[in-house]
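Data first, discussion second: the structure below is written as structure tokens.
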Amino acid sequence: MRTETLVTDRGFRLRAEVPETGWERARGLLGRDSLEPETALLLERARSIHTVGMRFDLGVAFLDAQLRVLHFVRVPPGRMLVRRRGARHVLELRPDVGLRAGDRVTRLGPGGRDPALGTARRFRALYFRGCPRVGGAGSPAPIV
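Quick note on numbering: the sequence shown equals residues 5 to 148 in the working numbering.
Laid out in structure tokens, this is it:
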């Protein structure tokens with residue numbers, strides 16, 4: 005499983021495990037006695053879940069394609085949740101996190117960095133490769 009950092013609108017940070025194989029996805033959180041306060045499981049392209057075999061209550065957030073919370077519910081062990089209209093992903097976490105419908109979740113990626121920032125840096129490095137730097141020592145000032 006890969007790990008990503010997620011941040012909610014209210015500034016709550018989660019370390020989300022994201023299954024990459026079918027086996028990891030099928031296993032999910034089974035076999036655990038509890039979840040750490042800042043830990044979650046993000047099931048991409050999932051619209052329904054079950055808690056059969058779980059040992060603790062889960063907080064389940066159904067997310068749309070933009071990672072906005074459509075519905076948040078507390079689910080006891082041994083239940084099945086069917087899909088929600090518009091849901092694209094499911095976030096399983098502790099029920100006391102305090103997510104509500106309408107909240108937005110932002111992915112920061114591995115290491116807690118914003119992936120968009122890395123993309124901008126890569127673009128700048130590739131696009132301006134070989135261009136003379138303007139404004140550095142010994143270079144003419146830019147014309148504005």
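A virtual CB, placed ideally from N, CA and C, is assigned to each residue, including glycine.
Can you find the residues in the same chain that come closer than 6 Å, C-beta to C-beta, to residue i, ignoring five residues on each side of it along the sequence?
{"i": "Arg-29", "result": "Pro-23"}
{"i": "Val-109", "result": "Leu-10, Thr-12 and Leu-71"}
{"i": "Ala-20", "result": "Glu-8, Leu-10, Ala-44 and Leu-46"}
{"i": "Leu-1", "result": "Any question about residue 1 goes unanswered here, given that the chain covers just 5 to 148."}
{"i": "Met-84", "result": "His-54"}
{"i": "Glu-48", "result": "His-93"}
{"i": "Gly-90", "result": "Asp-68 and Leu-74"}
{"i": "Trp-27", "result": "none"}
If you reduce the DSSP assignment to three classes, tell me which class residue i lands in.
{"i": "Arg-19", "result": "strand"}
{"i": "Arg-36", "result": "coil"}
{"i": "Arg-14", "result": "coil"}
For residue i, which residues does DSSP report across the bridge?
{"i": "Glu-8", "result": "Ala-20"}
Which same chain residues end up closer than 7 Å to residue i when comparing Cβ atoms and leaving out the 5 residues on each side of it in sequence?
{"i": "Gly-82", "result": "Thr-55 and Val-56"}
{"i": "Ser-38", "result": "Phe-60"}
{"i": "Arg-78", "result": "Asp-61, Gly-63 and Pro-99"}
{"i": "Phe-16", "result": "Val-101"}
Can you list, in chain order, the residues of its chain with a C-beta nearer than 8 Å to that of residue i? Leave out the 5 residues immediately preceding and following it.
{"i": "Pro-80", "result": "Thr-55 and Asp-61"}
{"i": "Arg-104", "result": "Val-73 and Phe-76"}
{"i": "Arg-2", "result": "Outside the displayed span of the chain (5 to 148) sits residue 2, for which this structure offers no information."}
{"i": "Arg-14", "result": "Gly-102 and Asp-107"}
Please report the Cβ distance between residue i and residue j, rounded to the nearest whole angstrom; I am assuming they are in contact, meaning their Cβ atoms lie under 8 Å.
{"i": "Ala-65", "j": "Leu-95", "result": "4 Å"}
{"i": "Arg-31", "j": "Gly-63", "result": "About 19 Å; that fails the 8 Å criterion."}
{"i": "Arg-36", "j": "Arg-87", "result": "Contact flag wrong, Cβ pair sits at about 24 Å."}
{"i": "Met-5", "j": "Leu-34", "result": "Between Leu-34 and Met-5 the Cβ distance is about 13 Å, and since that is not below 8 Å, they are no contact."}
Beta strand (DSSP E) runs contained entirely in the stretch 38-113, provided each spans 3 or more residues: 43-47, 62-67, 73-79, 93-97 and 109-113
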